[in-house]
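Peer 1:
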Amino acid sequence: MLDLKFIKEHKDEVKQNITNRFMTADVDAVLDLNERRIGLQQKADDARQQRNENAARMKGPLTPDERTPLIEEGKRLKDEIAALESELEEIKASLSQAHMRIPNMAHPDAPVGKEEKDNLEIERYGDIPQFSFTPKDHVELGQSLDLIDFDTGAKVSGTKFYYLKNQAVILEFALTRYALDLLGKHGFTPMITPDIAREEVVEGIGFNPRGEESNIYTLEGTGTCLVGTAEITLGGYHAQEILDPQKLPIKYAGVSHCFRREAGASGQYSKGLYRVHQFSKIEMFVYCLPEDSDNIHQELKGIEVEMFTGLGIPFRVVDTCTGDLGAPAYRKYDLEAWMPGRGENGGWGEITSTSNCTDYQARRLGVRYKTREGKTEFVHMLNGTAIAISRAVIALMENYQQADGSIAIPGALVPYCGFSLIGPKTN
RNA sequence: GGAGAGAUGACGGAGCGGUCGAACGUGCUUGAUUCGAAAUCAAGUGUACCCUCGCGGUACCGGGGGUUCGAAUCCCCCUCUCUCCGCCA
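Under our numbering, the final residue of the first sequence carries the number 427; numbering is consecutive throughout.
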């Protein structure tokens, strides 16, 4: 969320930013509610001051004649305060609701646009494979090689669930280990995080735990949700803390399951593993000083590039447009891998993304640090996907498929897999 | 899940219902001392909000509610932690 003072002083920019993101949020209502909140707060504070002073007058022994009027005054003040407080609570609730709807400001260089097609391609790596045969998509490959079972997933758990089998299971662990080793070299602390988080934390990160459009599963009656990403649990890790600036940046690599409702999301681009209700992911998360966040964002992008060039998968990097940023991100880069089985003749599909959320999440979660001058300021928080297993598996299977229907394993993964080819089962 | 104990500032640890934003100790910061360090001495050392920006005001002693003119202190509910039992990977 944005600082209320900032909103007040940069009203027009904030409004323009909302327009650029194609979101709806009422800046004037927020400012108006805030003014009313301040007025009421002042009234309540004054009344409390009177109450305290009145009570202080009754400290010593008093005659009933002195005492009675003071008690009457105290009772009157008590009622007044109660009325003011309940009014204040209402205003604060409306304010908070309206305030939360205002998205983060966007980086001045982020392309302005509404949809995915407005994302700006900025880098491209690797060559799109040319097959001497008609390539299969990963669903077909997964079935013929007995690696992925969607049918049983649907029977047991529902649509968009799946079983990984045989070498695909090893592949998941190999990719996980590959990612953790690379992140270790970059100074990340590995963590396996809870797959469940409290609603406040989920909201603090910027996800909406409730409502029709929510992508999050809530656990009825518990006040908790299944996490959609370890970004939630890693971002909540230091909630309400004041961090030592000497220890910044803090870099975590979180391994977790990710659960997403994906309500209404379907179509040919969602087939197979591309959009599922559950997958595993290795996530990067960084807490840093405000002045460092732009550089660290570039660093996270660089690590993602290293991750996928290492796997020999062709991909491009796009600078995500304002309409596609989501509320918390100030700037976001997506890596889109070439997926030969996508659409008619293959296509780009998002495999990772990295966002600089500046102080937007930190303000909601209360993650601060002390400056040299002794002031407490909000840290900046960034996240990036190291590897989302399901999508990485799509890219690997489809790009590394052979004429005979087998799948080669990229050299970097062979030591982790213990095999270099996934061929048809012989028995 | 059952029984019991507890939750106070960075930490430890006090706190007859008014003089408590909170004793005391430790830590930390600054100054004195020292060639320097230790030790010692002195001062300072939470967060947030508001304005009439003052050596101002308000709130916060796990969270919420209640009693009272007045609650860290009394009552109720919840959460969390610890110990024991049960269950379990």
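Every residue, glycine too, gets a C-beta built ideally from N, C-alpha and C. From a predicted model like this one, the values you see are computed outputs, not experimental measurements.
In three-state DSSP terms, what is Phe308?
Peer 2: Counted from its first residue, the first sequence places residue 308 at position 308. Three-state result, Phe308: helix.
Peer 1: Find the nearest neighbour of Thr159 within the set Phe150, Gln167, Asn166, Lys165, judged by alpha-carbon distance.
Peer 2: Position 159 of the first sequence, counting from 1, holds the residue named residue 159. Thr159 has its Cα closest to that of Phe150, out of Phe150, Gln167, Asn166, Lys165.
Peer 1: When DSSP labels each residue in this structure, what does Cys258 get in the three-state scheme?
Peer 2: Your numbering for residue 258 matches position 258 in the first sequence. Reduced to three states, the DSSP call for Cys258 is strand.
Peer 1: Rounded to a whole number of angstroms, what is the C-alpha to C-alpha distance between Gln167 and His257?
Peer 2: Locating residue 167 in the first sequence gives position 167, counting from the first residue. Locating residue 257 in the first sequence gives position 257, counting from the first residue. Their Cα atoms are separated by approximately 19 Å.
Peer 1: For the 8 Å Cβ check, are there 3 or more pairs between the region 137-144 and the region 61-76?
Peer 2: Segments in contact, no.
Peer 1: Quick check: the Cα distance between Gly366 and Glu241, rounded to an integer number of angstroms?
Peer 2: Sequence index remark: in the first sequence, residue 366 carries index 366 (1-based). Sequence index remark: in the first sequence, residue 241 carries index 241 (1-based). The alpha-carbon atoms of Gly366 and Glu241 are separated by roughly 7 Å.
Peer 1: Would Arg391 be called buried (16 or more neighbouring beta carbons within 10 Å of its own) or exposed?
Peer 2: As a first step, residue 391 must be located in the first sequence, where it is residue number 391. Burial call: buried.
Peer 1: What does a CB cutoff of less than 8 Å around Thr371 pick up in its chain, not counting 5 residues either side in sequence?
Peer 2: Taking the first sequence and counting its residues from 1, the one referred to as residue 371 is at position 371. Only Pro245, Glu377 meet the Cβ criterion.
Peer 1: For Arg198, does the three-state DSSP call read helix, strand or coil?
Peer 2: For the purposes of this step, residue 198 is identified with residue 198 of the first sequence, where counting begins at 1. Residue state, collapsed to three classes: strand.
Peer 1: Identify, in the order they occur along the chain, each residue of the same chain with its Cβ nearer than 6 Å to the Cβ of Arg364, setting aside the five sequence neighbours on each side.
Peer 2: Position 364 of the first sequence holds residue 364. Excluding residues within five positions, the ones whose Cβ falls inside 6 Å are Met1, Gly204.
Peer 1: Going by alpha carbons, who is nearest to Asp109 out of Ser420, Tyr330, Thr358, Glu344?
Peer 2: Walking along the first sequence from the start, residue 109 turns up at place 109. Residue Tyr330 is the option with its Cα nearest to Asp109.
Peer 1: If you measure between the beta carbons of Ser280 and Ile389, is that distance less than 7 Å?
Peer 2: Counting from 1 along the first sequence, the entry for residue 280 is found at position 280. Counting from 1 along the first sequence, the entry for residue 389 is found at position 389. Against a cut-off of 7 Å, the Cβ pair of Ile389 and Ser280 comes out as a contact.
Peer 1: Report yes or no: do the region 281-293 and the region 222-230 share at least 3 C-beta pairs separated by less than 8 Å?
Peer 2: Yes, the region 281-293 is in contact with the region 222-230.
Peer 1: In chain order, what residues of the same chain lie with their CB nearer than 6 Å to the CB of Ile407, ignoring the 5 residues before and after it?
Peer 2: Translated into positions along the first sequence, residue 407 becomes position 407. Result list for Ile407: Met397, Tyr400, Gln401, Ile422, in chain order.
Peer 1: Would you identify the three-state DSSP class for Ser420, choosing helix, strand or coil?
Peer 2: Working through the first sequence from its first residue, we reach residue 420 at position 420. Ser420: coil per DSSP, three-state reduction.
Peer 1: Which same chain residues, not among the five before or five after Tyr287, have their C-beta less than 7 Å away from its C-beta?
Peer 2: Counting from 1 along the first sequence, the entry for residue 287 is found at position 287. So the qualifying residues of the chain are His238, Leu243, Leu248, Pro249, Ile250, Val367, Val379, Met381.
Peer 1: Can you tell me which of Ser293, Asn119, Ile303, Met339 puts its alpha carbon nearest to the alpha carbon of Gly495?
Peer 2: The structure shown does not extend to residue 495, since the chain is modelled only from 1 to 427, so the question has no answer here.
Peer 1: Which ranges would you report for the beta strand (DSSP E) in the region 172-238 if only whole runs of at least 3 residues count?
Peer 2: If we require 3 residues or more, the beta strand (DSSP E) runs fully inside the region 172-238 come out as 189-192, 196-198, 224-226.
Peer 1: Relative to the C-alpha of Glu291, which residue among Glu13, Thr385, Asp359, Ala403 is closest?
Peer 2: Reading the first sequence from its first residue, position 291 is the one you call residue 291. Checked all of Glu13, Thr385, Asp359, Ala403; the closest Cα to Glu291 is Asp359.
Peer 1: On the premise that Ile71 lies in contact with Arg48, defined as a C-beta separation below 8 Å, what is that separation, rounded to the nearest angstrom?
Peer 2: Walking along the first sequence from the start, residue 48 turns up at place 48. Walking along the first sequence from the start, residue 71 turns up at place 71. Their Cβ separation, rounded to whole angstroms, is 17 Å, which puts Arg48 and Ile71 out of contact at 8 Å.
Peer 1: Assign Phe207 to one of two classes, buried (16 or more other C-beta atoms within 10 Å of its C-beta) or exposed (fewer than that).
Peer 2: Indexing the first sequence from 1 puts residue 207 at position 207. It counts as buried.
Peer 1: Quick check on DSSP: helix, strand or coil for Lys114?
Peer 2: Numbered from its first residue, the first sequence carries residue 114 at position 114. Three-state DSSP puts Lys114 in coil, outside helix and strand.
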